[in-house]
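Residue numbers (my numbering), protein chains in the order written: chain A, 490 to 610; chain B, 3 to 259.
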Amino acid sequence: MRTEDLTARVMKDMDPELFDFVTTYVDSFIKWDLLRFFYENPRTMDTGENIARYAGRTAKDVQAELQDLTRRGLLIEMPVENMRVYMLKADPEIRTRLQRFVEATQDREFRRKVIYHMVRH
Amino acid sequence: MQNVKRVATGIPGLDAMLNGGFLPRTANLVEGAPGTGKSTLGMQYIYEGVRRDEPGIILTFEEFPEQYYRDAEAFGWDFRALERQNKLKIIMSSPEVTKADLENVEGTIQNLIAEMGAQRMLIDSITHFEGLHQDPVELRKLMYGYLNALKRQDLTLILTRESTHLFGEGLQGQLNASIQFLADTYIMLRYVEIESAVQRAIVVLKMRGSAHDSTIRQFEINAQGLKVLQAFEGQEGVLSGSPKRMSESFMKAFVRR
């Protein structure tokens, strides 16, 4: 069986909106951590280095993922003095989609599918 | 100054000590050892503001907002709901980022204050500023600018500061001398050991531009939050953490008259 077929089979039952969210934003465990972090702390406004410390990850790894989430439109990056500061986008639609994703991860089967997607990515 | 409208904390007993509450647009320091109730006092102040239609912001350094939601819930304050109603916002950031942001025209915090019409702020805690400068003079300048930037927004602030000692005098660090001068009000929370039991004490050491009650009082944290109780009677050296009972002759001569 080809990879695409297998992926499609595992993901086929997923809600289309959640499927879109997962395939758009979630392609690593660090991103998953960051999504959860920004959901729980939606008014965080800080540097990559500090966010890495809060998330218990290395600054190098987190910085790259923050930039990627910014490119994909989930976060905003602001220059503040000589620092680059990250925040969750204020767009209510994005916040609602993020909430739906985090709530869905309470389900073991959903988590399994997301992990499968990340591994195949 | 006595006729100026006060910013009530909503804490039973504390407002009386403060002659009705804080003066508007002031920076008010609450200093104490871990667990004495600094953050609870600050949260209660913010919650009281919301009750009075004075929206508030909690600016936290390193403490996750989740912690505030949970702690507030224990007192029956639904901070998540208040955030949804735009009456409260909890910002997690760092001293260096917020300092730079406040210096910006139309920075994120300034915009948020204007958008919400925020009148109260809790900064929890300013101890984290000590990492920004080794030089106490520079640190004092930095704090002076920072507090003025917030007061300029018509905010009345509570700043918490950690004391390193559980009992007695424990003020240390570069901010020690500076912040006591810069703050308009200085409230100290202390653990006190009396007859083999740990009690909590509160004292207003300073209140610029206002009369205040300077007695050392007991306080408790109950299901509704902080509640200031009676003064420690017949004890001396309360702030040392290990008070002694006053001698009977002294009590007869000066206290029980």
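All residues carry an ideal CB built from backbone N, CA and C; glycine is no exception.
Every unbroken alpha helix (DSSP H) inside the region 160-234 of chain B [4 residues or more]: Taken in chain order, the complete alpha helix (DSSP H) segments of 4 residues or longer contained in the region 160-234 of chain B are 177-184.
DSSP-derived helix/strand/coil call for B/SER95: In this structure, B/SER95 counts as strand in the three-state DSSP scheme.
Bridge partners of A/PRO568, per DSSP? Among the bridge pairs identified by DSSP, A/PRO568 is matched with A/ARG573.
What does B/MET123 pair with, by DSSP beta-bridge criteria? For B/MET123, which the question treats as bridged, DSSP gives the partners B/ILE59, B/LEU159.
So the candidates are A/ARG584, A/THR536, A/ASP504; which of them puts its Cα closest to the Cα of A/ASN571? With distances taken between Cα atoms, A/ASN571 lies closest to A/THR536.
For A/MET534, would you say it is in contact with chain B, using Cβ-to-Cβ distances shorter than 8 Å as the test? Closer than 8 Å: yes.
CB contact check: B/ALA102 to chain A, cutoff 8 Å: B/ALA102 has a beta carbon lying within less than 8 Å of a beta carbon in chain A.
Pick from B/GLU105, B/ASN113, B/LEU184: whose alpha carbon is nearest that of B/VAL32? Residue B/LEU184 is the option with its Cα nearest to B/VAL32.
Within the same chain, show all residues whose beta-carbon is closer than 8 Å to that of A/VAL515, passing over the 5 residues directly before and after it, in chain order. Cβ neighbours of A/VAL515 beyond the five flanking positions: TRP521, LEU524, PHE590, VAL603, HIS606, MET607.
Sheet register partners of B/GLU33 (DSSP bridge): DSSP lists B/ARG163, B/MET190 as partners of B/GLU33.
Which ranges would you report for the alpha helix (DSSP H) in the region 501-570 of chain A if only whole runs of at least 4 residues count? The DSSP assignment places complete alpha helix (DSSP H) segments of no fewer than 4 residues inside the region 501-570 of chain A at 505-514, 518-529, 537-544, 548-560, in order along the chain.
Quick one: what does DSSP say B/PHE77 is sitting in, helix, strand or coil? In this structure, B/PHE77 counts as coil in the three-state DSSP scheme.
Would you say A/VAL551 reaches chain B, if we count a Cβ-Cβ gap shorter than 8 Å as a contact? Output row for A/VAL551: interface = no.
For B/VAL6, count the other beta carbons within 10 Å of its own beta carbon; 16 or more makes it buried, fewer makes it exposed. Which is it? B/VAL6 counts as exposed, since fewer than 16 other beta carbons sit within 10 angstroms of its beta carbon.
Does the structure place the region 106-113 of chain B close enough to the region 539-552 of chain A that three or more beta carbon pairs sit under 8 Å? Segment contact: the region 539-552 of chain A against the region 106-113 of chain B, fewer than three CB-CB distances shorter than 8 Å; contact not assigned.
How would you list, in chain order, the residues of chain B whose beta-carbon sits under 7 Å from the beta-carbon of A/VAL574? The answer, in chain order, is VAL99.
For B/PHE66, which residues does DSSP report across the bridge? None, per the DSSP bridge assignment.
Determine whether the beta carbon atoms of B/LEU124 and B/ILE60 lie at a separation below 8 Å. A contact, by the Cβ cut-off of 8 Å.
Just to make sure I have the definition right: I need the residues of chain A whose C-beta is within less than 7 Å of the C-beta of B/ILE92. Which are they? At a beta-carbon threshold of 7 Å, the residues of chain A lying near B/ILE92 are ARG532, ordered along the chain.
Is any heavy atom in the ligand FMN found nearer than 7 Å to the beta carbon of B/ALA225? Absent from the structure shown: the ligand FMN. Ligands present: none.
Answer with yes or no whether the minimum CB distance from A/VAL569 to chain B is below 8 Å. Taking Cβ atoms only, chain B reaches closer than 8 Å to A/VAL569, which makes this a yes.
State the Cα-Cα distance for the pair B/TYR146 and B/GLU140, rounded to the nearest angstrom. Taking the straight line joining both Cα atoms gives about 10 Å.
At a CB distance below 8 Å, what residues from the region 61-92 of chain B approach chain A? Give them in sequence order. Taking 8 Å as the upper bound on Cβ-Cβ separation, chain A lies near residues GLU64, PHE66, PRO67, GLU68, LYS91, ILE92 of the region 61-92 of chain B.
Kindly indicate if chain A contains any beta-carbon less than 8 Å away from that of B/SER41. Closer than 8 Å: no.
Are any of the Cβ atoms in chain A nearer than 8 Å to that of B/ASN106? Closer than 8 Å: yes.
Strictly below 9 Å CB to CB, what residues from chain A border B/SER278? Given that chain B is displayed from residue 3 to residue 259, the structure contains no residue 278 of chain B and the question cannot be resolved.
How would you label B/LYS143, buried or exposed, when you count the other beta carbons within 10 angstroms and need 16 or more for buried? Burial call: exposed.
Cβ of B/THR110 within 8 Å of any chain A Cβ: Between B/THR110 and chain A, the shortest Cβ-Cβ separation is below 8 Å.
So, with DSSP's three-state summary, where would you put B/VAL6? In this structure, B/VAL6 counts as coil in the three-state DSSP scheme.
Judging by CA-CA distance, which residue of B/GLY12, B/ILE48, B/ALA18 is the nearest neighbour of B/LEU159? Taking only the C-alpha atoms, the option nearest B/LEU159 is B/ILE48.
Cβ shell of B/ARG259 (< 7 Å), same chain only, five flanking positions each side left out: The predicted model places B/ARG259 with a pLDDT of 45, which falls under 50 and marks its position as unreliable; any figure quoted below should be read in that light. Counting only Cβ-Cβ distances below 7 Å, and skipping sequence neighbours, we find nothing.
Closer than 8 Å, CB to CB, is B/ARG259 near chain A or not? Residue confidence is low: B/ARG259 scores 45 on pLDDT, short of 50, so the model does not pin down where it sits. Its coordinate-derived value is still stated next. Any Cβ of chain A closer than 8 Å to the Cβ of B/ARG259 would place that residue at the interface, and such an atom is absent.
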